[in-house]
Each structure stands twice: as structure tokens, then as C-alpha cells.
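Report on the following structure.
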Amino acid sequence: MPKSFDNGKEILSMNKVLSYFIRSRSLLVEPENLQEYLAMSPKNWQRYAEEFKEMIATKPGMRPNAVRVDQLDRDQLEPGKTTFPAIVHFVLRPPQLSYAGNPEYQITWREYVK
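Below, the structure is given as C-alpha cells:
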């Protein structure tokens with residue numbers, strides 16, 4: 018049974034969320050259609066990639082096993098080697114988390130906030 022939260026929005030139980038992931042799963046790019054996707058015009062590729070924007074991509078067994086798709090890049094970096102499009106996820110980390118373990122940063126930060 019969903020729980021009400023924040024002005025009547027409902028939070029589903031985790032088994033409902035997981036069953037949705039299982040029911041709606043599909044590959045971003047089918048292996049047999051890879052060449053077709055790589056040959057698309059930039060406009061058509063952008064339209065295709067927009068369909069997946071802000072969706073969750075999962076790969077069980079990997080770390081992290083789920084990321085939000087912010088962008089799909091189809092750049093082929095090595096000539097002669099065909100690769101699948103890369104999922105790009107943009108992350109913003111607060112500076113306090115990025116440099117928290119660096120003693121040099123901690124000294125500079127303390128001086129700055131004085």
C-alpha cells in the first residue's frame with residue numbers, strides 16, 4: 018500500500034519499484050542495430066538519446082549498478098574498434114566532500130572561514 022508524503026504524493030514500496038524496473042527493462046542499444054545507431058545523423062541521434070534522458074540505467078553486478086542517464090555519447094575513440102554508446106552521468110559534489118580528507122585543504126579552509 019502506498020504511503021502519503023509531502024502534499025499527497027505517494028511513495029511506493031521497494032518491491033513495487035523493483036518490479037517496475039524488471040518489467041520495463043530493455044537495452045539502450047540492441048547489439049544487432051549498433052551500426053545503424055552509429056550511422057544516424059546527429060539530429061536523429063540527439064532525438065533518440067533524449068528518450069532516455071533522466072531515466073535510470075541498471076547493470077546488476079556492476080558498481081554503481083544504477084545511474085541516471087544525463088547524456089548518451091556515441092563517439093568512437095579507437096579507429097577500427099566499434100564500441101557501444103557511453104552513458105554519461107553528471108555529478109556535483111560539494112567541495113567539503115571532495116577535499117575533506119586533504120589536510121592542506123582543511124588548513125586553508127579554516128583560514129578562509131575565520
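Each residue of the sequence shown is one higher than the one before, counting from 18 in this note's numbering. All C-beta atoms in this analysis are idealised placements derived from N, C-alpha and C, irrespective of residue type, glycine included.
- Collapsing the DSSP output to three states places ARG127 in a helix.
- The beta-carbon separation of LEU89 and LEU45, rounded to 7 Å, stays under the 8 Å limit for a contact.
- GLN88 has VAL105 as its beta-bridge partners, per DSSP.
- Collapsing the DSSP output to three states places GLU71 in coil.
- Between LYS70 and ASP92, the gap from beta carbon to beta carbon reaches 8 Å or more.
- Per DSSP, GLU49 lies in no alpha helix (DSSP H) and is assigned neither H nor E.
- No residue range can be given for LYS98, since it is assigned to no beta strand (DSSP E) and is classified by DSSP as neither H nor E.
- The continuous alpha helix (DSSP H) containing LYS33 extends over residues 31 to 40.
- Note: ALA83 is bridge-paired with THR75 in the DSSP secondary-structure output.
- For the pair ARG80 and HIS106, the CB atoms are not nearer than the 8 Å cut-off.
- The residue from GLN52, TYR129, MET31 with its alpha-carbon nearest to that of GLY97 is GLN52.
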